[in-house]
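Following full-length UniProt numbering, the numbering of the sequence shown begins with 1 at its first residue and continues without gaps. Glycine is no exception: its CB is placed at the ideal position from the N, C-alpha and C atoms.
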Amino acid sequence: MLSSTLAWWNIIVLTIKEFFSERADKPQFEIVDLYECSKTKYTKAVIKLSQRHIIEKNISDIVVDNNFIECLDKKTVRTLTYIATVERLKPDYTIITQQMRDEVEGYMLELKSKNGRETITGTPTEISKDKDLISKLNPIDANRVGYMAGVSDTVKDYKNTKAHLEK
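Next comes the structure, spelled out in structure tokens:
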């Protein structure tokens, strides 16, 4: 009689342990959708908090929030961290317009920030002198600015030398 009672208690304890282990493995939050916000150009996640509650949050905000990220499963955390890293590595500015006036020294560039709020206009020489701005461009655009500034400076030097020799 005592052994059968202990057996029942053992079964109940094992069932409760199994229930809690299954519950602990299941994430509290679930990512339903990922999209790029048209206003901010940042990647956002649609998150299901419980059976009924859904919120939207920037991926970069999710990754830095330790309490929030503990409620997600490991694969989701890894994926969100990767997406946040790739998003962080995107250039802050891109060249959207290249205009050439009558001569080579008349280049004008227009740069736009990735969120679209700021536009910078200037000559390649002016832009190339701003090291902080150059570091915020992707390598191809930074190379293009440097090349255009070099060509412009070479043409100016050639004209100055030619004018000096004619005197």
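Task: Touch test, the region 66-82 against the region 116-135, Cβ-Cβ under 8 Å, three pairs minimum - done: no
- [ ] Can you have a look at Val-64 and say buried or exposed, based on whether 16 or more other CB atoms are within 10 angstroms of its CB?
- [x] By one-based count along the sequence shown, residue 64 stands at place 64. Exposed, because fewer than 16 other Cβ atoms sit within 10 Å of the Cβ of Val-64.
Task: Closest Cα partner of Met-108 within the set Thr-40, Ile-127, Ala-163, Asn-66 - done: To locate residue 108, count along the sequence shown from 1; it is residue 108. Selected option, being the one with the closest Cα: Ile-127.
Task: Pairwise C-alpha distance: Trp-8 and Thr-81 - done: Residue mapping note: residue 81 aligns to position 81 of the sequence shown, counting from 1. Residue mapping note: residue 8 aligns to position 8 of the sequence shown, counting from 1. Answer to the nearest angstrom: the Cα atoms are 46 Å apart.
Open item on the list: Taking a contact to mean a Cβ-Cβ separation below 8 Å, would you say Ser-60 touches Glu-87 in this structure?
Closed with: Residue numbering aside, residue 60 sits at position 60 when the sequence shown is read from its first letter. Residue numbering aside, residue 87 sits at position 87 when the sequence shown is read from its first letter. Yes. Within cutoff.
Open item on the list: Please report the distance separating the alpha-carbon of Thr-40 from that of Ala-84.
Closed with: On the sequence shown, position 40 is the one that residue 40 refers to. On the sequence shown, position 84 is the one that residue 84 refers to. When rounded, the distance between both Cα atoms is 14 Å.
Task: Assumed close pair Ile-54, Ala-45 - CB separation to whole angstroms, cut-off 8 Å - done: Within the sequence shown, the letter at position 54 stands for residue 54. Within the sequence shown, the letter at position 45 stands for residue 45. Not confirmed; about 11 Å, so no contact.
Task: Test: Ile-12 CB closer than 8 Å to a CB of chain C - done: Within the model displayed, chain C is absent; a lone protein chain is all it includes.
Task: Between the CA atoms of Leu-111 and Ile-95 - distance to the nearest angstrom - done: Your numbering for residue 95 matches position 95 in the sequence shown. Your numbering for residue 111 matches position 111 in the sequence shown. When rounded, the distance between both Cα atoms is 5 Å.
Task: Element boundaries [beta strand (DSSP E), containing Gly-122] - done: The residue you call residue 122 lines up with position 122 of the sequence shown. Per DSSP, the unbroken beta strand (DSSP E) holding Gly-122 starts and ends at 119-122.
Task: Nearest-angstrom Cβ-Cβ length linking Asp-141 and Pro-91, presumed shorter than 8 Å - done: By one-based count along the sequence shown, residue 141 stands at place 141. By one-based count along the sequence shown, residue 91 stands at place 91. 7 Å between Cβ atoms; contact.
TODO: Confirm, please, whether the CB-CB distance from Tyr-42 to Asn-67 is below 8 Å.
DONE: Along the sequence shown, one-based indexing puts residue 67 at 67. Along the sequence shown, one-based indexing puts residue 42 at 42. Not closer than 8 Å, so no.
Open item on the list: If I follow the unbroken alpha helix (DSSP H) through residue 183, where does it start and stop?
Closed with: One cannot answer for residue 183 here, as it falls past the ends of the chain, which runs 1 to 167.
Open item on the list: Can you find the residues in the same chain that come closer than 7 Å, C-beta to C-beta, to Ala-149, ignoring five residues on each side of it along the sequence?
Closed with: The residue you call residue 149 lines up with position 149 of the sequence shown. The residues are Pro-124, Thr-125, Ser-128.
Open item on the list: In the DSSP output, what is Tyr-93 paired with across the bridge?
Closed with: Numbered from 1 along the sequence shown, position 93 holds the residue referred to as residue 93. The partner list for Tyr-93 (beta bridge, DSSP) reads Ser-113, Leu-137.
Task: Close-in-space but distant-in-sequence residues of the same chain around Arg-101 (CB under 8 Å, 5 per side omitted) - done: Mapped onto the sequence shown, residue 101 falls at position 101. Contacts found: Tyr-107, Met-108.
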